[in-house]
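Notes to accompany the following structure.
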Amino acid sequence: MTSEKQNAADSYHNFSEFYDLYVGDFLDDLPMYEKYAVQVGGSVLEIGAGSGRLTIPLAQTGFAVAAMDVSATMLAILDDRLKGLPSVVRNRVQIIQADVCELELGAKFGLVMVPYYVFNYLLTPEAQSQALDRIKAHLADSGLVIVDAFIPMKRLASPDERQIRRPDVVDPATGNRIRSWNTFRLDTQSSIEYRFQRFEIESPNGELRVKEFTVERRYTLADDLERLFLSHGFKVSEVFTGYRGEPPQPDSEQLVYVLGVD
12 MTSEKQNAAD
22 SYHNFSEFYD
32 LYVGDFLDDL
42 PMYEKYAVQV
52 GGSVLEIGAG
62 SGRLTIPLAQ
72 TGFAVAAMDV
82 SATMLAILDD
92 RLKGLPSVVR
102 NRVQIIQADV
112 CELELGAKFG
122 LVMVPYYVFN
132 YLLTPEAQSQ
142 ALDRIKAHLA
152 DSGLVIVDAF
162 IPMKRLASPD
172 ERQIRRPDVV
182 DPATGNRIRS
192 WNTFRLDTQS
202 SIEYRFQRFE
212 IESPNGELRV
222 KEFTVERRYT
232 LADDLERLFL
242 SHGFKVSEVF
252 TGYRGEPPQP
262 DSEQLVYVLG
272 VD
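Letter 22 of the sequence shown, counting from 1, is numbered 33 in the working numbering, and no numbers are missing.
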C-alpha cells in the first residue's frame with residue numbers, strides 16, 4: 012500500500028484523477044448556460060473549465076468557448092479529450108491556464124460562466140474582489156455573468172464535523188475500484204469549509220493506494236454576495252436555486268446569480 016498526503020495548494024490537481032468519475036456526467040446546468048449563451052450572443056468565457064464538463068458540449072453545440080482554469084492537470088485532460096473530436100469542434104475551444112484574479116485576455120465575451128461552485132474556491136475577500144474586477148473587464152456590453160455559488164446553510168445550523176462515505180465506483184479505464192470518504196468541518200470565523208477527502212484505490216490485482224488531501228471552500232451568505240456584486244458595478248438580474256429558475260428559499264444551499272452591468 013502506498014499513501015499520498017497532500018495539501019490544498021491545488022484542489023483540482025489532487026482531485027483530477029477522480030473528477031470525471033464523480034462529476035463528469037453531471038450536466039443538469041448545461042441547458043441553463045446554453046439558454047443564456049444564445050440570449051446574449053458572442054463567445055463564452057468559462058472560469059474553472061476543468062476537464063471540459065461544460066466546455067465540450069457547448070463547443071459541440073456551436074459556441075466558441077475560452078476554457079480557463081488554474082489547474083494545468085485538469086486542462087491537460089480537456090486537451091486530450093478535444094483531440095478525439097472533429098476539428099470543427101476543437102477549433103471552437105481556446106484553452107487558457109490562468110488565475111482568474113490576474114486574467115488579462117484582451118477580449119470581451121457575451122457570457123462569462125463561473126459554474127459549479129468555482130467562486131467558492133476564492134478563499135479571501137481580496138481574491139473575490141480581484142476576480143470580479145477581472146471578470147467585469149472581460150464582459151461585453153450587454154453581456155451576462157452567471158455565478159453558481161454554494162452556501163452551506165444546513166451545516167451552518169449544525170456545524171459539528173461530520174463524515175460522509177461516497178458510493179464505490181470502478182474506473183472503466185483502469186478497472187480500479189475506488190472507495191472514498193469526505194469529512195466536513197466549518198470554520199465560522201473565517202467562513203471556510205474544510206473538506207478532508209480520503210480515496211482508497213484498489214487495482215484489479217489487489218494493490219491498494221491511498222490518497223488524502225484537504226479542500227478549502229469559502230462561503231458567503233446570500234445578502235453578502237449580492238452586496239459584493241453590487242459593489243463591483245454589477246446588477247443582479249436574476250437569482251434562483253437549481254437550474255430551472257426555482258425561487259430561492261431561506262435554507263437554499265445553492266444559488267445562481269445572473270449578473271449584468273450598470
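For every residue, glycine included, the Cβ atom is placed at its ideal position computed from N, Cα and C.
Note that the structure is predicted; figures quoted are calculated from it, not measured.
C-beta atoms of residue i and residue j nearer than 7 Å
i: residue 230; j: residue 39; result: no
i: residue 207; j: residue 173; result: no
i: residue 252; j: residue 259; result: yes
i: residue 1; j: residue 166; result: In this structure the chain extends from 12 to 273, so residue 1 is not present and cannot be described.
i: residue 60; j: residue 80; result: yes
i: residue 154; j: residue 51; result: yes
i: residue 145; j: residue 96; result: no
i: residue 138; j: residue 108; result: no
i: residue 224; j: residue 25; result: yes
Range of the contiguous beta strand (DSSP E) that encloses residue i
i: residue 194; result: 188 to 198
i: residue 68; result: Residue 68 -> not in any beta strand (DSSP E); alpha helix (DSSP H) instead, spanning 66 to 72.
i: residue 249; result: 245 to 251
i: residue 84; result: No beta strand (DSSP E) contains residue 84, which is instead part of the alpha helix (DSSP H) from 83 to 94.
i: residue 4; result: Since the first residue of the chain shown is 12 and the last is 273, residue 4 is not available in this structure.
i: residue 206; result: 203 to 213
Length of the line joining the Cα atoms of residue i and residue j
i: residue 204; j: residue 122; result: 29 Å
i: residue 63; j: residue 87; result: 10 Å
i: residue 152; j: residue 85; result: 31 Å
i: residue 106; j: residue 58; result: 11 Å
i: residue 182; j: residue 269; result: 36 Å
i: residue 78; j: residue 47; result: 17 Å
i: residue 214; j: residue 92; result: 24 Å
i: residue 120; j: residue 263; result: 30 Å
i: residue 35; j: residue 28; result: 12 Å
i: residue 13; j: residue 168; result: Low confidence applies here, because residue 13 scores a pLDDT of 38, under 50, leaving its location unreliable and the question unanswered by this model.
i: residue 235; j: residue 220; result: 42 Å
i: residue 249; j: residue 186; result: 44 Å
i: residue 177; j: residue 222; result: 15 Å
i: residue 16; j: residue 242; result: Because the pLDDT of residue 16 is 36, which lies under 50, any placement of that residue in the model is unreliable, and the number read from its coordinates should be weighed accordingly. Residue 16 and residue 242: Cα-Cα distance of roughly 39 Å.
For residue i, the first and last residue of its enclosing alpha helix (DSSP H)
i: residue 114; result: Taken as a continuous stretch (DSSP letters only), residue 114 belongs to no alpha helix (DSSP H), as it is neither H nor E.
i: residue 148; result: 136 to 148
Integer Cβ distance of residue i from residue j, believed to fall under 8 Å
i: residue 111; j: residue 142; result: 5 Å
i: residue 244; j: residue 272; result: 6 Å
i: residue 55; j: residue 75; result: 7 Å
i: residue 199; j: residue 163; result: Incorrect: roughly 10 Å between the Cβ atoms, too far for contact.
i: residue 124; j: residue 44; result: 6 Å
i: residue 32; j: residue 180; result: 5 Å
Chain C contact for residue i (CB, 7 Å cutoff)
i: residue 191; result: Included in the structure is just one protein chain, with no chain C present.
Taking 8 Å as the threshold, find out whether the stretch 127 to 138 comes into contact with the stretch 149 to 164 through three or more Cβ pairs. yes
Between the stretch 229 to 243 and the stretch 201 to 221, do three or more beta carbon pairs fall short of 8 Å? yes
If contact is defined by three or more beta carbon pairs under 8 Å, each pair taking one atom from either stretch, is the stretch 210 to 221 in contact with the stretch 185 to 194? yes
Decide yes or no for the touch test of the stretch 64 to 76 against the stretch 100 to 117: beta carbon pairs closer than 8 Å, at least 3 of them. yes
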